[in-house]
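A.B. asks: At position 7 of the sequence shown the residue is numbered 6 (numbering that gives the first Met the number 0), and the sequence of numbers has no breaks.
Where is the CB? At the ideal position from N, CA and C, for every residue including glycine.
Once you've had a glance at the structure underneath, I'll fire off some questions.
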Amino acid sequence: MMPPTDVKDRHVANRQGAVFALVDMVLVVISMGVIKQAGATFPAIQLVFFRAVVGILLIAPLIWRYRIEVFNTQQVKGHVGRVLCGTVALCCNYAATAALPLTLVTVIGFTRPFVILGLAAAMLGERILRRHWISSVICFVSVLFIVKPGSMSWDWGLLAALGMVLFGSLSVVQTRRLTGEHAVVLMVFHALGLAILTAIPAALVWVPPGLSDLPAFLIIGMLAQVGQFCFLRSHQLAEASILAPLSYVVIVFSSVADYLYFGIVPTLSLIIGCLAIVSAALIGTQVGSLRR
């Protein structure tokens, strides 16, 4: 599916892409809760490998259904680049999480929309409106207001977090370049590439799972695939300038999950920051304004 060029159709596509992005955020929060429990027993790289394997099994019928599109793709280099960037970003994510406080990793991760906006403008030629830059800045400042990160020293964990941002942004931009490909084709290449690239590292730290662990692996794999489909559709439909500020809303979902499942009461700064994030996201995702 090619991105729409008509103004009215583009507005509709941006709205649809925003909905897919919100669904993806909800699934990510749920999946992270399951991963947090499983991570107490299994190494992170093993969970990543299981995520890929389960994902392949779940989309096997789709692989057969779209086998012609999968094996006759004309954008192999683009897929390889996207898979490599995505795999490196995911590995950096786990490495940074292991070495740094979670709040610090979260703050660094929320700088990715800025990188995406810049890369989309430079590599894709997308026009970034002033209000999109403003809404992204408001969102980022709001995140800093919430977590109040202290001083930091440079180490390999921080470098891994920066790598997570860079390679994750490159993966997103590469996804935008593959707008002509079916979402299933993107999912297949990602699942296969992730499994291949993590197989050997996972084997080196392998912890034998029991039958009682299988449901968690299935949930992780299933949510990852459904979430990735929503993620891909959102970036195929909506412009990066629309999705960038909207991505900050995930901190609101995470706060709700913390309160419901872990009894963590939101602080005043969290409430104020979340309200600012939602307001800025609405400004950034508003389409069809009067001046148009």
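To which residues of the same chain is A201 closer than 6 Å at the C-beta, ignoring the five residues directly before and after it?
C.D. replies: The answer, listed in chain order, is I44, Q45, F48.
A.B. asks: Can you grab the Cα-Cα spacing for the pair L245 / S278, in whole Å?
C.D. replies: Distance between the alpha carbons of L245 and S278: 10 Å.
A.B. asks: Applying the 10 Å Cβ sphere with the 16-neighbour rule, what's the burial state of F139?
C.D. replies: F139 counts as buried, since at least 16 other C-beta atoms from the protein chains shown sit within 10 angstroms of its C-beta.
A.B. asks: Output yes or no for whether 8 Å exceeds the beta carbon distance between G220 and L57.
C.D. replies: It is a contact, given that the beta carbons lie within the stated cut-off.
A.B. asks: Whole angstroms are fine: how far does the CA of L157 sit from the CA of R290?
C.D. replies: Legend: pLDDT at R290 = 40, less than 50; position of this residue unreliable, no value from coordinates given.
A.B. asks: Near F230, what residues of its chain come up, given a Cβ to Cβ distance below 7 Å and the 5 sequence neighbours on each side ignored?
C.D. replies: D23
A.B. asks: Among W205, L89, I107, which one has its Cα closest to the Cα of A223?
C.D. replies: Comparing Cα positions, the closest option is L89.
A.B. asks: Distance, Cα to Cα, L203 vs W63?
C.D. replies: 32 Å
A.B. asks: Buried or exposed, going by whether 16 or more other CB atoms sit within 10 Å of the CB of A20?
C.D. replies: buried
A.B. asks: With 16 other CB atoms within 10 Å as the buried threshold, where does P112 fall?
C.D. replies: buried
A.B. asks: Tell whether a beta-carbon distance below 8 Å holds between I250 and I276.
C.D. replies: yes
A.B. asks: Assuming C91 contacts Q173 (C-beta within less than 8 Å), just tell me the rounded distance between them.
C.D. replies: The pair is not a contact, with the Cβ atoms about 16 Å apart (cut-off 8 Å).
A.B. asks: Okay, do the segment 73-83 and the segment 209-217 touch, 3+ Cβ pairs below 8 Å being the bar?
C.D. replies: no
A.B. asks: With distances taken from CA atoms, which of D212, I137, R175, I195 is nearest V303?
C.D. replies: No information on residue 303 is available, as it lies outside the stretch 0 to 291 that the chain covers here.
A.B. asks: In terms of residues, what are the limits of the alpha helix (DSSP H) holding P244?
C.D. replies: 239-245
A.B. asks: Looking only at its own chain, which residues have a Cβ that is under 8 Å from the Cβ of M186, when we skip the five neighbours before and after it?
C.D. replies: G54, I58, L61, Q224, Q227, F228, L231
A.B. asks: Tell whether a beta-carbon distance below 8 Å holds between G16 and I241.
C.D. replies: yes
A.B. asks: Could you name the residues of the same chain whose beta carbon sits closer than 6 Å to that of A190, not counting the 5 residues immediately before and after it, in chain order?
C.D. replies: A51, G54, I55
A.B. asks: If the criterion is Cβ atoms closer than 8 Å, does the pair F252 and V28 meet it?
C.D. replies: Between F252 and V28, the gap from beta carbon to beta carbon is short of 8 Å.
A.B. asks: When you compare only the Cα positions, how much space is there between V33 and M122?
C.D. replies: 36 Å
A.B. asks: Short of 7 Å in beta carbon distance, which residues of its chain neighbour V286, apart from the five on each side in sequence? Order them along the chain.
C.D. replies: Residue confidence for V286 is low, a pLDDT of 46 falling below 50, so the modelled location carries little weight; the figure read from the coordinates is stated next. Within the same chain, V286 has close Cβ partners H10, N13, R14.
A.B. asks: Less than 8 Å between the beta carbons of Q235 and A198, yes or no?
C.D. replies: no
A.B. asks: Helix, strand or coil for E68? Go by DSSP, reduced to three states.
C.D. replies: helix
A.B. asks: Between S288 and A237, what straight-line distance do the alpha-carbon atoms span, to the nearest angstrom?
C.D. replies: Note that S288 scores a pLDDT of 43, beneath 50, so its modelled location is shaky and nothing firm can be said.
A.B. asks: Look at the alpha carbon of L118 and the alpha carbon of E125, and state the distance between them as a whole number of angstroms.
C.D. replies: 9 Å
A.B. asks: Tell me which same chain residues have a C-beta within less than 7 Å of the C-beta of Y65, skipping the five on either side of it?
C.D. replies: H181, V183, V184
A.B. asks: When we look at the beta-carbon of G108 and count the other beta-carbons within 10 Å, is it buried (16 or more) or exposed?
C.D. replies: buried
A.B. asks: Starting from the C-beta of L169, find all residues in its chain whose C-beta is less than 6 Å away, skip the five residues before and the five after it, and write them out in chain order.
C.D. replies: Cβ neighbours of L169 beyond the five flanking positions: C84.
A.B. asks: With burial defined as no fewer than 16 other Cβ atoms inside 10 Å of the residue's Cβ, what is the status of Y258: buried or exposed?
C.D. replies: Classification of Y258: exposed, given that the 10 Å Cβ count is below 16.
A.B. asks: Look at the Cβ atom of V114, then the Cβ atom of V164, and state whether they are nearer than 8 Å.
C.D. replies: V114 is a Cβ neighbour of V164, given a cutoff of 8 Å.
A.B. asks: Does the Cβ-Cβ distance between L116 and S134 come in under 8 Å?
C.D. replies: Not in contact: L116 and S134 (Cβ atoms no closer than 8 Å).
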